[in-house]
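Participant: Protein chains in written order, with my numbering: chain P, 15 to 225; chain H, 70 to 738.
Think of the CB as a built atom: it goes at the ideal place given N, C-alpha and C, for glycine as much as any other residue.
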């Protein structure tokens, strides 16, 4: 792997947004393909962030800063990726369920998945089941990610899965759920396809769905 | 003496049996050929024949049970009457985006504003003006209406309103409205698209089943049988014919269901695998604790997946009348095409034997030897010129396929033309079948064995075998296919559907288990933990090898050859109703979803108590309408909850499912 890609990865890990953006531009000037900059630099760095977050070496603020750096790098890269028509990992709709305004966990997942090459559609917080169905119709994602941080709103995850079932599209999307009180057993009981206890695992689960 | 009369219209044969009501024993059985263009002809012949032995008189019949392939066949062949599908609150853009429109069955689909959400709250008021207009515009052009509302199973209010409008606006001078079915009447499950499929198929079948019931009734009247007529549902239970006319979709897989019930009754076993071998197909199903296992995902018929819970049967295109041929590489192929056995054909047309002798003297085209084509019935609609010419050749009786191919001058294209006519049931193919192999080997004697022997010689010569060795290979080939199908069914249920063509290691293990690789150092044995009950006509010839391969016990009960007709009359009447209770607004109140609407309660137990109070009486009434007597109600309750992370408190309550089941004996009046 070329030296500059490694630099991009480590600057991203350190959360140096401006440096990452500069390095991405330099890499492109050197003639490295945008796809290679993405996978060898940005995604490689974000993968390390994910691993260390899972192991408790990094905490939420560091991940957010790293994600911001990722975002800066993507700002340079994105126009070229679209122009080159490079297929991403797939589309993913995320949102926090109805009645729940927590968004840090959901945002982390969004950024980590973006870092892993997914095209993210974020519906925000307090999202009604019908809004998830509408988003599925509009974007035809491969994955729908649901977040809930309250035991009182977790039951709404089931309502969303039921709404997808009623719409006749349940078999066309994979549903993964997460949030501090959520368990794997809960995910199984409501008929979700996957459960992730943290944002880094969410990437593994999502990759498993599309891989 | 009171007897019950069971009738089964199968792919090849229509069977009839008489069961003595006091002792429960089968006292007579008879078979006739199924007449597809008019099922009542075969039914009339079988029923007449079952009384020939004077075991009972038609006046003794207290109940008639019918299992029919009509609904299944009609769906597979795309037959049915014009219908209008009224969808309430559906999103046409979503259906289009996901290509779900083709699952709607009907050509004529009307989208109405309205519908509910998952909690059963109205999303938008029903557009009654549009509903009226749509119904009136189609009056006289359709024969039935189907109604399905978005989340109609959580709140049927809009479906019920549209149904009332159809009944109000389509009532004829005779006071009867056109048939109309709602989605929530057929299922309580979510998936608005599949409910639309199910309700549309149901509406399309209503006139067909009504016609069949009327002709069966006339046939019975002609024989002076005045007993109540019941029909077997796909779950093996019985319903009164008038009820089946309203819900014909519930009779899909009626045939396999009747076989399982008949096998259970005749063999007296509660936990067995059932193999029903007919002329055209073989059905494999499992009986658990005396009940056929049902397919909870909903029965698939043709290209449609319905929401009907029917017997979980695996059907293979293999039977005693499967066409046996050699493919281009000289490999033996049995089925799935059905043919009239040579022995049966030559019993009716003795000239066939000479025609076969002539073929034996000449060099044969591959794949066509020993096959004949015969006319089945006159076409109801116009035929193309080419088809007319072909049908004319058949006026004088069955013609050898090779001769037709030469006469028609477009060589093998004629074969395709014949296949087209076969699909329309205008002509039949005849040829060498497993039944012929048994005749040639002297193990079965009903028809003309001479034709079977010459047919065997013809094919054996091509295969480079002696006629005996060839016939043995056909017979063991049938057994191998049954064993393979059983193993495939089991693996599909428990692990994953095997793909024997691509999974070489699995195929090699199976071949060793079947005993096809005696030279291998590796022996492989499969053992089925339950016995196999085999029913249908030729099971004695094929099943012993199957149970040897699966190291299990074989039960061939008395009257096995007419088990499906027995199953048509020994089942119970079963009606089920599911009630769901869901917490709303963080368990501030609880909502009970019933077929008449939603009811809210302050506590879960208040909702449960209300359901237990009102549902049993309604269900009893429903079961009586469906033809039950001595009705008993069983209730089961499942509370669904799921754990949260430690330190976050108690498990979360998700909802309660109450299942009410009414079981009764068929009423005899």
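Going straight from the alpha carbon of residue 425/H to that of residue 489/H, what length do you get?
Facilitator: Rounded to the nearest angstrom, the two C-alpha atoms are 25 Å apart.
Participant: Within 10 angstroms of its Cβ, does residue 591/H collect 16 or more other Cβ (buried), or is it exposed?
Facilitator: The residue in question, residue 591/H, is exposed, as its Cβ has fewer than 16 Cβ neighbours within 10 Å.
Participant: Using the beta-carbon of each residue, which ones in chain P are nearer than 7 Å to residue 260/H?
Facilitator: By Cβ distance, chain P contributes 179, 180, 182.
Participant: Counting contacts by CB-CB distance shorter than 8 Å, is residue 99/P in contact with chain H?
Facilitator: Caution is warranted here: a pLDDT of 49 is assigned to residue 99/P, below 50, making its placement in the model unreliable, and no coordinate value can be reported.
Participant: Are any of the Cβ atoms in chain P nearer than 8 Å to that of residue 723/H?
Facilitator: Yes - at least one Cβ of chain P is within 8 Å of the one on residue 723/H.
Participant: Counting along the chain, where does the alpha helix (DSSP H) carrying residue 686/H start and finish?
Facilitator: That run of the alpha helix (DSSP H) goes 673-694.
Participant: Quick one: which chain P residues come within Cβ less than 7 Å of residue 712/H?
Facilitator: Per Cβ cutoff of 7 Å: 197, 199, 200.
Participant: Does DSSP put residue 275/H in a helix, a strand or coil?
Facilitator: In this structure, residue 275/H counts as helix in the three-state DSSP scheme.
Participant: I'd like the span of the beta strand (DSSP E) that includes residue 710/H, first residue to last.
Facilitator: That run of the beta strand (DSSP E) goes 697-711.
Participant: Closest to residue 624/H by C-alpha separation, out of 215/H, 498/H, 487/H, 336/H, would be which residue?
Facilitator: Checked all of 215/H, 498/H, 487/H, 336/H; the closest Cα to residue 624/H is 336/H.
Participant: Could you check whether residue 173/H and residue 266/H sit closer than 8 Å to each other, using their CB atoms as the reference points?
Facilitator: Yes; because the gap between Cβ atoms is below 8 Å, this pair is in contact.
Participant: Are the CB atoms of residue 258/H and residue 222/H within a distance shorter than 8 Å?
Facilitator: Contact flag set, yes.
Participant: Excluding the five sequence neighbours on either side, which residues of its own chain have a C-beta within less than 6 Å of the C-beta of residue 745/H, listed in chain order?
Facilitator: Limits of chain H in this structure are 70 at one end and 738 at the other, which puts residue 745/H out of reach.
Participant: Among all the DSSP beta bridges, which residues are the ones paired with residue 211/H?
Facilitator: Bridge partners of residue 211/H: none, in fact.
Participant: Please list, in chain order, all residues of the same chain as residue 184/P whose beta carbon is under 6 Å from its beta carbon, the five residues on each side excluded.
Facilitator: For residue 184/P, where only same-chain residues beyond five positions count, the Cβ hits under 6 Å are 178.
Participant: I need the straight-line Cα distance from residue 237/H to residue 278/H, nearest angstrom please.
Facilitator: Their backbone Cα atoms lie some 24 Å apart in a straight line.
Participant: Chain H partners of residue 204/P, CB-CB under 8 Å?
Facilitator: 711, 723, listed in chain order.
Participant: Note the first and the last residue of the continuous beta strand (DSSP E) segment covering residue 153/H.
Facilitator: Counting along the chain, the beta strand (DSSP E) containing residue 153/H begins and ends at 152-157.
Participant: Provide the residue span of the beta strand (DSSP E) that contains residue 106/P, from first to last.
Facilitator: First-last of the beta strand (DSSP E) with residue 106/P: 104-110.
Participant: Assuming the contact rule is C-beta atoms closer than 8 Å, residue 743/H and residue 344/H should be a hit. Round their C-beta distance to whole Å, please.
Facilitator: Lying outside 70 to 738, the shown extent of chain H, residue 743/H is not represented and no answer is given.
Participant: What does the alpha-carbon distance come out to for the pair residue 96/H and residue 87/H?
Facilitator: When rounded, the distance between both Cα atoms is 6 Å.
Participant: Exposed or buried, which one is residue 25/P when buried takes at least 16 other CB atoms within 10 Å?
Facilitator: It counts as buried.
Participant: Have a look at residue 95/P and residue 79/P and give me their C-alpha separation to the nearest angstrom.
Facilitator: Each residue's Cα considered, the two are about 23 Å apart.
Participant: Measure the C-alpha to C-alpha separation of residue 125/H and residue 233/H and round it to an integer number of angstroms.
Facilitator: Those two C-alpha atoms are separated by around 47 Å.
Participant: Would you kindly work out how many angstroms separate the C-alpha atoms of residue 99/P and residue 93/P, rounded to a whole number?
Facilitator: With a pLDDT of 49 at residue 99/P, under the threshold of 50, the predicted position of this residue should be treated as unreliable, though the coordinate-derived value follows. Rounded to the nearest angstrom, the two C-alpha atoms are 10 Å apart.
Participant: Express the C-alpha separation of residue 63/P and residue 36/P in angstroms, rounding to a whole number.
Facilitator: Answer to the nearest angstrom: the Cα atoms are 20 Å apart.
Participant: Measuring alpha carbon to alpha carbon, tell me which residue in 126/P, 115/P, 130/P is nearest residue 51/P.
Facilitator: With distances taken between Cα atoms, residue 51/P lies closest to 130/P.
Participant: Taking the CB atoms as reference points, tell me whether residue 107/P and residue 162/P lie closer together than 8 Å.
Facilitator: Not closer than 8 Å, so no.
Participant: May I ask you to list, following chain order, the residues of the region 201-231 of chain H that have a beta carbon less than 9 Å from some beta carbon of chain P?
Facilitator: The region 201-231 of chain H vs chain P, Cβ under 9 Å: 219, 220, 222, 223.
Participant: In chain H, which residues lie with their C-beta within 9 Å of the C-beta of residue 141/P?
Facilitator: What residue 141/P touches in chain H: nothing, since even the nearest Cβ is about 14 Å away.
Participant: Determine the direct distance from the alpha carbon of residue 334/H to that of residue 159/H, and round the result to whole angstroms.
Facilitator: Computed Cα separation, rounded: 45 Å.
Participant: Below 7 Å on C-beta distance, what does residue 172/P contact in chain H?
Facilitator: What residue 172/P touches in chain H: 723.
Participant: Pull up the DSSP beta-bridge partners for residue 658/H, would you.
Facilitator: Residue 658/H is bridged to 653/H.
Participant: Count Cβ pairs between the region 269-287 of chain H and the region 306-315 of chain H that sit closer than 8 Å; are there 3 or more?
Facilitator: The region 269-287 of chain H vs the region 306-315 of chain H: in contact.
Participant: Mind checking which residues open and close the alpha helix (DSSP H) that includes residue 611/H?
Facilitator: Element bounds for residue 611/H: 608-618.
Participant: Going straight from the alpha carbon of residue 651/H to that of residue 659/H, what length do you get?
Facilitator: Straight-line Cα distance between these residues: approximately 6 Å.
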